[in-house]
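So the structure is just underneath, and the comments pick up after that.
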Amino acid sequence: MNLFDQFGRHITDLRISVTDRCNFRCVYCRSADPENYREHDQILSWAELRRLAGLFFRLGITKMRITGGEPLVRKGVEEFIGALDQLGVPDLSMTTNGHLLAERCTALLAAGLRRINISLDSLDPIKFEKITRTRSYDEVMRGIDRAQATRFAPVKINAVLVRGFNEDEVEAFAAFARERGVIMRFIEFMPLDADRHWSRELVVPAAEVLARIEAQWKLEPIPHQASETARKYRFTDGTPGEIGLIAPVTQPFCGYCSRIRLTADGKLRTCLFSQEDRDLRGELRSSRSDEEIVSWIAAVVNQKEQGHRIGQPGFVPPSRTMVFIGG
Ligand code: SAM
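Here the sequence shown is numbered in my numbering, starting from 758 and rising by one per residue.
What follows is the structure in structure tokens.
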């Protein structure tokens, strides 16, 4: 069985948020003010997550990415990854802020995780602290080092560029990609921040990033699948390391989107910018059979939005911010 939406897009990619808690407070995501985490009983249990993962796998989901909040703060994530691996999910990955990664790398690999994306928004410890509101720069760097020394290499590093915070580091990040042989991905800031400070002026367009890197190093595009979020480039001088540009704001890729998201509290979201959460937890907890849940999922996915509409008249950001969705 396969999942298709009303526009004929084949849905093969599920982001699973395993917690809404995070040990960072990145300015483009969370507020400095206290935010309300969901109560524990609202969060899907590991058993519920395993059951749902099995159903999504039956529905042709071949890519599962574990995210959050910060996935490594929830105890038991390695066992959950092990269960997904047992299920036979071919593409199993995680997005993490890297703070707890160094000590967990070996267990994650042993559990069956294949790929890892680590967020790193500055190469300057002072600016890193300003953006993440933590002093974890050294821990994150250790996490990157450890991951690079394992089968996770080449590691993907994600930086969200926000004008006035870190857009001056584009060239430094590109140099980091070359020195460390990592895949450096620049993500455009999206209107998903808790403080609602997003504005178009704060977005650093991917075209600007590309032009600035190309002013120093010659790049060539790497062929990619249409559904991939990143436009990829390699250095023509053969130096390892890659550049990825993720431009949901200035070059939306909704027409090829193959993704859906499961929030930690069990809501199914067919777009990052969905106005409505669909209550999969409610289905799960009302003794529905597997067949009933599978039909429910297929019907919800069928209604996936055509596009996110950022920048269009009448655009309204979703009430959930990124930490409560799962990036
Ligand atoms: N805690 C993990 C981490 O930091 O990577 C996983 C969850 S985090 C919400 C997933 C990704 O979303 C990160 O790469 C983060 O930088 C990105 N993100 C968060 N808020 C964003 C925003 N407003 N615009 C663009 N990307 C954002």
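A virtual CB, placed ideally from N, CA and C, is assigned to each residue, including glycine. In this text, all values refer to a predicted model and were calculated from it rather than measured experimentally.
Put simply, the stretch 992-1001 does not touch the stretch 1011-1026. Fewer than three CB pairs are less than 8 Å apart. Here A1021 is near L801, since their CB atoms are less than 8 Å apart. In this chain, the beta strand (DSSP E) harbouring Y990 covers 988-992. Looking only at P1074, I838, K975, A1004, the smallest Cα-Cα distance to W955 is reached by P1074. A direct Cα-Cα distance of roughly 7 Å separates V846 from K820. Between ligand 1 and the CB of N915, the shortest heavy atom gap is smaller than 7 Å. Taking the CA atoms as reference points, S893 sits about 34 Å from E977. For N915, the uninterrupted beta strand (DSSP E) segment begins and ends at 913-918. In the structure shown, the three-state DSSP call for I888 is helix. For D1036, the beta-bridge partners assigned by DSSP are K1024.
One thing to note: V775 has its Cβ within 8 Å of the Cβ of V834. Inclusion of E999 and I1017 in the CB contact set at 8 Å is not warranted, their separation being larger than that value. Linking F946 to A983 through their CA atoms gives a straight-line distance of about 21 Å. Distance from the CA atom of V784 to the CA atom of I1054, rounded to whole angstroms, is 34 Å.
Take F885, set aside five residues on each side of it, and the residues of its chain with a beta-carbon closer than 6 Å to its own are S879, Y894, in chain order.
Taking 8 Å as the cut-off, the beta carbon of M851 is found no closer than this to the beta carbon of R831.
Taking a contact as a CB-CB distance under 8 Å, the pair F909 and L866 counts as one, their CB atoms being some 7 Å apart. Put simply, the backbone Cα of T907 is about 17 Å away from that of E936. Look at I944: its beta carbon is less than 7 Å from one of the heavy atoms in ligand 1. Distances from the CB of D1036 to the heavy atoms of ligand 1 are all 7 Å or more. Annotated three-state conformation of R1066 is coil, per DSSP.
The secondary-structure analysis by DSSP pairs K820 across a beta bridge with D770, D848.
DSSP places M758 outside any alpha helix (DSSP H), giving it a letter other than H or E. If you compare the alpha carbons of F922, A859, G855, C862 with that of I883, the shortest gap goes to F922. Setting aside the 5 residues that flank it on each side, R957 is surrounded in the same chain by V1006, G1068, each with a C-beta closer than 8 Å to its C-beta; the list follows chain order. In this structure, the alpha-carbon of L918 lies about 32 Å from that of F837. For E792, no beta strand (DSSP E) segment is defined, and its DSSP state is neither H nor E.
Nearest to V1080 by alpha-carbon distance, out of M758, C786, D762, is C786. Between V897 and E924, the gap from beta carbon to beta carbon reaches 8 Å or more. Nearest neighbour of N780 by Cα position, chosen from L858, T769, A1056, turns out to be L858.
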